[in-house]
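First the structure, in the form of structure tokens, and then the observations on it.
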Amino acid sequence: MGYECLLTGLPDAGALSMEALEEQLDESLKDNDKEQLRLLKLRSREGACQFVLDWLDFTKAVNNVLTAEVCRKHGLDPSKYVIGEMPDEIAPEVKNVGKEADLYRREHLIDALYLAWLDERTEMITFSLENVLAYYLKTQILNRWTDLTPEKGEGVFREMVKDMKKGINL
Numbered sequence: 002m003g004y005e006c007l008l009t010g011l012p013d014a015g016a017l018s019m020e021a022l023e024e025q026l027d028e029s030l031k032d033n034d035k036e037q038l039r040l041l042k043l044r045s046r047e048g049a050c051q052f053v054l055d056w057l058d059f060t061k062a063v064n065n066v067l068t069a070e071v072c073r074k075h076g077l078d079p080s081k082y083v084i085g086e087m088p089d090e091i092a093p094e095v096k097n098v099g100k101e102a103d104l105y106r107r108e109h110l111i112d113a114l115y116l117a118w119l120d121e122r123t124e125m126i127t128f129s130l131e132n133v134l135a136y137y138l139k140t141q142i143l144n145r146w147t148d149l150t151p152e153k154g155e156g157v158f159r160e161m162v163k164d165m166k167k168g169i170n171l
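Residues are numbered in my numbering as their position in the sequence shown, beginning at 1, plus a constant of 1.
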């Protein structure tokens with residue numbers, strides 16, 4: 002038995018707050034599936050199901066490619082900043098995202114990659130834990146955009162750069 006009642010009763014991803022979704026999932030998930038959600042949130046590989054492992058691998062690959070693009074753009078050695086190995090094959094869309102100059106648009110493009118991966122990963126299965134975890138991730142991604150504006154993003158970015166400069170005494 003899967004999560005038919007849970008998934009058919011949920012609104013479109015992003016319509017619930019994360020707090021409301023987490024409460025719903027806490028009431029509805031089996032204990033071992035709650036553990037998978039916890040591992041997903043912690044980004045922990047130990048004891049994680051294949052979906053969580055694949056998600057972590059995908060996000061790491063995307064981040065590595067984007068990091069390498071930024072390094073090349075600024076004349077830095079990517080091998081010093083990439084975590085683990087670079088993926089052998091990566092979609093050209095990911096490389097193109099790294100070339101986007103507008104940070105706000107780049108964030109949208111990255112999230113679009115994540116949402117597409119989640120859709121593709123779950124399109125042939127229904128009412129499973131994978132669908133629940135994908136719904137959770139989609140809601141997390143979409144809810145992030147409710148408060149994000151270009152102005153707030155630029156402010157956060159400038160604050161991060163300022164903190165980094167303090168850390169390296171520039």
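All C-beta atoms, glycine included, are put in the ideal place defined by N, C-alpha and C.
All figures in this text were calculated on a predicted structure; none of them were measured in a lab.
Residue i versus residue j - alpha carbon distance
| i | j | result |
| --- | --- | --- |
| Ser29 | Lys81 | 44 Å |
| Gly76 | Asp55 | 31 Å |
| Glu5 | Ala102 | 42 Å |
| Arg89 | Asp78 | The residue you asked about is not Arg; residue 89 is Asp in the sequence shown. When rounded, the distance between both Cα atoms is 18 Å. |
| Met165 | Glu155 | 15 Å |
| Thr147 | Asp120 | 21 Å |
| Leu171 | Lys74 | Summary for Leu171: the model assigns pLDDT 47, below 50, so the residue's position carries little reliability, and this model does not support an answer. |
| Asp58 | Gly10 | 30 Å |
| Leu26 | Asp34 | 10 Å |
| Gln51 | Leu138 | 15 Å |
| Gly95 | Val66 | A small correction: the amino acid at residue 95 is Val; Gly does not occupy that position in the sequence shown. About 7 Å. |
| Pro93 | Gly99 | 10 Å |
Member of the options whose CA lies at the smallest distance from the CA of residue i
| i | options | result |
| --- | --- | --- |
| Val157 | Leu104, Glu94, Leu8 | Leu104 |
| Thr68 | Ala49, Asp13, Arg107 | Arg107 |
| Leu130 | Gly85, Ala16, Ala14, Glu36 | Glu36 |
| Val83 | Lys96, Asn64, Lys31, Met125 | Asn64 |
| Arg44 | Thr60, Ile126, Gly3 | Thr60 |
| Leu143 | Glu124, Ala21, Ala49, Ala113 | Ala113 |
| Leu149 | His109, Met19, Arg159 | His109 |
For residue j and residue i, believed in contact at Cβ under 8 Å, the rounded distance
| i | j | result |
| --- | --- | --- |
| Arg122 | Ala135 | 7 Å |
| Val162 | Leu8 | Between Leu8 and Val162 the Cβ distance is about 42 Å, and since that is not below 8 Å, they are no contact. |
| Thr127 | Gly15 | In fact, because the Cβ distance is near 20 Å, the residues do not count as touching under 8 Å. |
| Ala49 | Ile91 | That pair is no contact at about 22 Å. |
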